[in-house]
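Read the structure below first, then the notes.
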Amino acid sequence: MSVDLEKILRPIDHDLAPYEPKYMMLASGEAVVVRQVFRDEIPDLLKHVEPLIHVERDFYDVVAARVYAELLGYYKHRFQDQYVLALQVDGELAAIVNGREVKPGLGLSLHTLAIRRGLRIGAHGFAAKMEYHIDTLGHDEVLIVAESPIGFRRWMIEYKLEKRFEIPHELGGVPSWALTRELFDRARSKLVVGRRPVPPPLLEKAMEKILPPSDPPTPPLDPLAATRALYDPTATALVQQRWEMEKGAGNA
Ligand SMILES: CC(C)(COP(=O)(O)OP(=O)(O)OC[C@H]1O[C@@H](n2cnc3c(N)ncnc32)[C@H](O)[C@@H]1OP(=O)(O)O)[C@@H](O)C(=O)NCCC(=O)NCCS
Numbered sequence: 004m005s006v007d008l009e010k011i012l013r014p015i016d017h018d019l020a021p022y023e024p025k026y027m028m029l030a031s032g033e034a035v036v037v038r039q040v041f042r043d044e045i046p047d048l049l050k051h052v053e054p055l056i057h058v059e060r061d062f063y064d065v066v067a068a069r070v071y072a073e074l075l076g077y078y079k080h081r082f083q084d085q086y087v088l089a090l091q092v093d094g095e096l097a098a099i100v101n102g103r104e105v106k107p108g109l110g111l112s113l114h115t116l117a118i119r120r121g122l123r124i125g126a127h128g129f130a131a132k133m134e135y136h137i138d139t140l141g142h143d144e145v146l147i148v149a150e151s152p153i154g155f156r157r158w159m160i161e162y163k164l165e166k167r168f169e170i171p172h173e174l175g176g177v178p179s180w181a182l183t184r185e186l187f188d189r190a191r192s193k194l195v196v197g198r199r200p201v202p203p204p205l206l207e208k209a210m211e212k213i214l215p216p217s218d219p220p221t222p223p224l225d226p227l228a229a230t231r232a233l234y235d236p237t238a239t240a241l242v243q244q245r246w247e248m249e250k251g252a253g254n255a
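The numbering of the sequence shown is the working numbering, which starts it at 4 and goes up by one.
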């Protein structure tokens, strides 16, 4: 009986062509590898996404909460036709991107989450997933939204995305934007970088294990910084910090 119900609850994924890994050099001189993460490795990502749910800065909280739900849904067979890519520097997790196929010809971008900041790693991850949608999955269009001003600058402005405001995006029902094949081809020479194949030692290091990020975004340490955080009109960050400090004082 329960086995039969699982058959109904579990969506049947379509066969999506795998993502062919690539690598690129960062401004820091380090190499970053972009590669696909399959279902069995998802718990290795979840533990690094969870702490970001508590980082209000730059909308990490809402993005991380949604990414966590998407990854868990994928892991537990409750999300249809999702793919996940990881960006790793020397094995360390530097960014996660994901998306899905809505139907043949139409893709949907879920999220881009940069864990290592300031090196355009998020931008490279986004470019890699657009390349996957257009070149590998053969999508003519990808539906996209931004949850943060940095995201808006990176996707809507840099790629000159087109409005598809009549289509509510799966992320919160907000109006969609679209990357078309033509827009992607125009952006290709400037925004899409990387080489294939990945040299075997680099790829082996990435595939061996997803190592914890050494410098992930964290909540501000002092309450004043928390109140200064953009888009925190209710000062929930301050309240949380106070609770933490009270807990600490209680133990002293
Ligand atoms: C949007 C996002 C993926 C872009 O990643 P990215 O391309 O690697 O870029 P970064 O976030 O590191 O940097 C963005 C800007 O902020 C600056 N910046 C912010 N925090 C920084 C930090 N800790 N160190 C260095 N630079 C920082 C950078 O200089 C950069 O400026 P620029 O746009 O003039 O180049 C990333 O900001 C992110 O994950 N944000 C939180 C989740 C989110 O908003 N996702 C997208 C949803 S639409």
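Yeah, the Cβ is synthetic: ideal placement off N, Cα and C, and Gly gets one too. From a predicted model like this one, the values you see are computed outputs, not experimental measurements.
Status (buried if at least 16 other CB within 10 Å, exposed otherwise) for residue i
i, result
"residue 148", "buried"
"residue 142", "buried"
"residue 246", "exposed"
"residue 72", "exposed"
"residue 222", "buried"
Residue i at chain C interface by Cβ criterion, 8 Å
i, result
"residue 56", "Among the protein chains of the structure shown there is no chain C, as only one such chain exists."
Residue j beta carbon less than 8 Å from that of residue i
i, j, result
"residue 183", "residue 20", "no"
"residue 2", "residue 132", "This structure leaves residue 2 out entirely; the chain is present only between 4 and 255."
"residue 110", "residue 80", "no"
"residue 35", "residue 24", "no"
"residue 150", "residue 87", "no"
DSSP bridge partner residues for residue i (one or two, in chain order)
i, result
"residue 86", "102"
"residue 91", "36 and 96"
"residue 112", "102"
"residue 179", "167"
"residue 147", "180"
"residue 198", "26"
"residue 117", "98"
"residue 214", "95"
For residue i, three-class secondary structure by DSSP
i, result
"residue 173", "coil"
"residue 23", "coil"
"residue 38", "strand"
"residue 193", "helix"
"residue 255", "Below a pLDDT of 50, predicted positions are generally treated as unreliable, and residue 255, at 46, falls in that range; the measurement from the model is reported next regardless. Three-state DSSP puts residue 255 in coil, outside helix and strand."
"residue 13", "coil"
"residue 68", "helix"
"residue 122", "coil"
"residue 139", "helix"
Any non-hydrogen atom of ligand 3 within 7 Å of residue i CB
i, result
"residue 64", "Of the ligands this structure carries, namely ligand 1, none is ligand 3."
Note to self: So, does the region 127-134 touch the region 190-209, judging by three or more C-beta pairs under 8 Å?
What the structure shows: They touch, by the three-pair rule.
Margin query: With a threshold of 8 Å, are at least 3 pairs of Cβ atoms found where one atom belongs to the region 20-39 and the other to the region 58-69?
Written below: Contact annotation: the region 20-39 does not touch the region 58-69, with fewer than three C-beta pairs closer than 8 Å.
Next item on the list: Decide if the region 88-102 is in contact with the region 215-225; the criterion is three or more beta carbon pairs, one per stretch, under 8 Å apart.
Entry: Three or more pairs of CB atoms, one per stretch, sit closer than 8 Å, so the region 88-102 contacts the region 215-225.
Notebook entry, point to check: Between the region 174-182 and the region 43-56, do three or more beta carbon pairs fall short of 8 Å?
Noted result: Result no; under three Cβ-Cβ pairs closer than 8 Å.
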